[in-house]
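In UniProt numbering, the protein residues as written are 1 to 456.
Where is the CB? At the ideal position from N, CA and C, for every residue including glycine.
Quantities reported herein were computed from a predicted structural model and do not represent experimental measurements.
Data first, discussion second: the structure below is written as structure tokens.
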């Protein structure tokens with residue numbers, strides 16, 4: 001690492017791994033419940049498990065993004081973080097909000113709005129927490145010795161994510177208006193400003209791992225930003241088909257939903273193109289796997305599978321079924337989870353000075369988690385198609401259909417075990433690196449020397 005304050009990223013990454021582990025536990029609770037083994041219902045009812053599972057996903061990804069920012073921004077700004085103390089205060093307060101939220105879900109202390117369930121008083125604490133983070137990162141960028149497109153896109157993505165959280169805090173008496181603005185948060189995060197965060201991290205990693213000129217990589221970043229805003233904002237309309245908004249949203253949402261995969265396709269082409277142009281044989285191959293894999297899998301999960309079921313003519317049947325879960329799992333994994341794993345895999349050797357580059361455990365983590373996620377996606381797809389046919393075409397009762405598709409959740413749980421084995425291997429590797437040390441200062445330069453030596 002170049003700067004001592006980059007060590008802050010480690011504690012965000014460690015928190016990130018803990019929250020991911022807890023999310024997986026709740027995923028298994030729901031998987032077994034879907035198979036008919038809902039033995040924990042009296043203590044963890046399905047609705048509480050689902051809210052906890054989905055909200056933990058959002059929190060651990062945001063924690064990973066914050067950790068990435070604490071590593072990338074000092075490097076790109078060529079200076080220490082503005083305030084290390086403020087960063088640790090912000091992390092502790094974020095953990096407290098998360099713990100109180102999870103307890104609240106189990107005690108029915110929540111709002112009940114899907115994906116935005118945390119109790120209203122905690123919303124205000126989240127705002128304060130994120131403002132602390134944005135102030136600290138923003139002052140680092142403001143006082144930077146240099147300004148780069150990568151750091152500015154990353155910061156703008158984080159700032160916009162905070163700004164777009166606010167519409168979800170407004171209370172409305174109309175269910176239609178409430179749903180309308182709720183999607184401003186949910187859609188414009190994952191199919192809008194989070195793509196900017198992903199693009200910023202992807203750009204940084206490709207600059208470091210491939211050796212391609214910054215100017216070339218950051219030109220691609222402009223293309224990604226343009227496509228994201230062109231398609232993502234009006235593409236929100238594909239959530240508006242059935243909530244009572246004017247009919248024109250069906251056409252607007254349908255058309256711009258067709259364009260949304262272009263941003264993810266551009267990312268995949270961008271990553272592969274930069275890899276092919278690479279004049280550098282970086283020793284941390286596994287970090288490159290996660291980086292390129294993120295770009296490719298995000299196109300498949302978020303781009304292709306999203307397009308496959310959001311057109312009005314298709315969504316008429318798939319809306320509210322397990323087809324959405326099929327898309328959602330691979331989309332979040334490819335677009336956001338894998339890019340967090342990529343920056344973590346790149347940063348850990350430099351934070352600790354321990355170059356556990358391409359060990360078998362790390363390679364197993366990559367392949368097992370990706371194969372497992374593809375297996376889960378396939379299980380959701382088969383179950384979802386069966387659900388659509390039985391429920392929407394034959395008109396069978398919802399609960400009758402759920403009984404019929406229980407068998408597909410056996411395949412889902414088996415795939416989840418494969419996925420979990422990969423995550424466990426990744427966490428084992430993370431623990432093996434240990435905590436960051438001051439002796440690791442200058443490790444990035446050493447990494448570059450190794451790369452150049454191998455190239456020659």
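Based on Cα-Cα distance, which residue from the options lies nearest to residue i?
i, options, result
"residue 72", "204, 173, 275", "204"
"residue 317", "167, 392, 47, 102", "392"
"residue 366", "390, 404, 403, 419", "419"
"residue 266", "171, 253, 243, 231", "231"
"residue 388", "216, 374, 405", "405"
"residue 167", "156, 179, 22", "179"
"residue 176", "134, 240, 377", "240"
"residue 386", "376, 373, 368, 408", "408"
"residue 61", "301, 169, 12", "12"
"residue 2", "65, 81, 63, 45", "81"
"residue 377", "301, 433, 390", "301"
"residue 160", "66, 194, 384, 335", "194"
"residue 216", "165, 150, 237, 144", "150"
"residue 55", "440, 384, 104", "104"
"residue 209", "45, 264, 342", "342"
"residue 325", "344, 373, 290", "373"
"residue 142", "115, 122, 77, 165", "77"
"residue 110", "145, 146, 144, 169", "169"
When you compare only the Cα positions, how much space is there between residue i and residue j?
i, j, result
"residue 191", "residue 354", "36 Å"
"residue 394", "residue 320", "17 Å"
"residue 98", "residue 59", "8 Å"
"residue 436", "residue 429", "14 Å"
"residue 303", "residue 410", "27 Å"
"residue 173", "residue 292", "45 Å"
"residue 453", "residue 362", "The predicted position of residue 453 is uncertain, since its pLDDT is 36 and thus under 50; a value taken from the coordinates is nonetheless stated next. Approximately 24 Å between the Cα atoms of the pair."
"residue 6", "residue 197", "18 Å"
"residue 327", "residue 421", "22 Å"
"residue 17", "residue 427", "7 Å"
"residue 244", "residue 250", "11 Å"
"residue 339", "residue 295", "8 Å"
"residue 155", "residue 86", "17 Å"
"residue 220", "residue 263", "11 Å"
"residue 70", "residue 145", "16 Å"
"residue 130", "residue 90", "8 Å"
DSSP on residue i, reduced to helix/strand/coil?
i, result
"residue 411", "helix"
"residue 390", "helix"
"residue 120", "helix"
"residue 172", "coil"
"residue 355", "coil"
"residue 440", "helix"
"residue 45", "coil"
"residue 376", "helix"
"residue 79", "coil"
"residue 40", "coil"
"residue 1", "coil"
"residue 395", "coil"
"residue 526", "Coverage of the chain is limited to positions 1 through 456, which leaves residue 526 absent and any answer about it impossible."
"residue 362", "helix"
"residue 434", "coil"
"residue 405", "coil"
"residue 305", "helix"
"residue 165", "coil"
"residue 400", "helix"
Count the other C-beta atoms from every protein chain shown that fall within 10 angstroms of the C-beta of residue i, then say buried if there are 16 or more, exposed otherwise.
i, result
"residue 120", "exposed"
"residue 207", "buried"
"residue 399", "exposed"
"residue 8", "buried"
"residue 37", "exposed"
"residue 313", "exposed"
"residue 92", "exposed"
"residue 333", "buried"
"residue 187", "buried"
"residue 171", "exposed"
"residue 96", "exposed"
"residue 153", "buried"
"residue 434", "exposed"
"residue 34", "buried"
"residue 261", "buried"
"residue 117", "buried"
"residue 41", "exposed"
"residue 360", "exposed"
"residue 305", "buried"
Is there at least one Cβ from chain D nearer than 8 Å to residue i's Cβ?
i, result
"residue 51", "The displayed structure is made up of one protein chain only, and chain D is not part of it."
Any chance you could list the beta strand (DSSP E) runs of at least 3 consecutive residues sitting entirely within the segment 5–29, in chain order? If only complete runs of 3 or more residues are kept, the segment 5–29 shows no beta strand (DSSP E) anywhere.
Which runs of the alpha helix (DSSP H) fall wholly inside the segment 205–285 and span at least 4 residues, in chain order? You should have 214–232, 248–277.
Completely contained beta strand (DSSP E) runs for the segment 316–355, where each covers 3 or more residues: The beta strand (DSSP E) runs of length 3 or more contained entirely in the segment 316–355 do not exist; there are none.
Taking the runs of the beta strand (DSSP E) that are 3 residues or longer, which of them lie wholly in the segment 84–146? Inside the segment 84–146, DSSP marks no whole beta strand (DSSP E) run of 3 or more residues.
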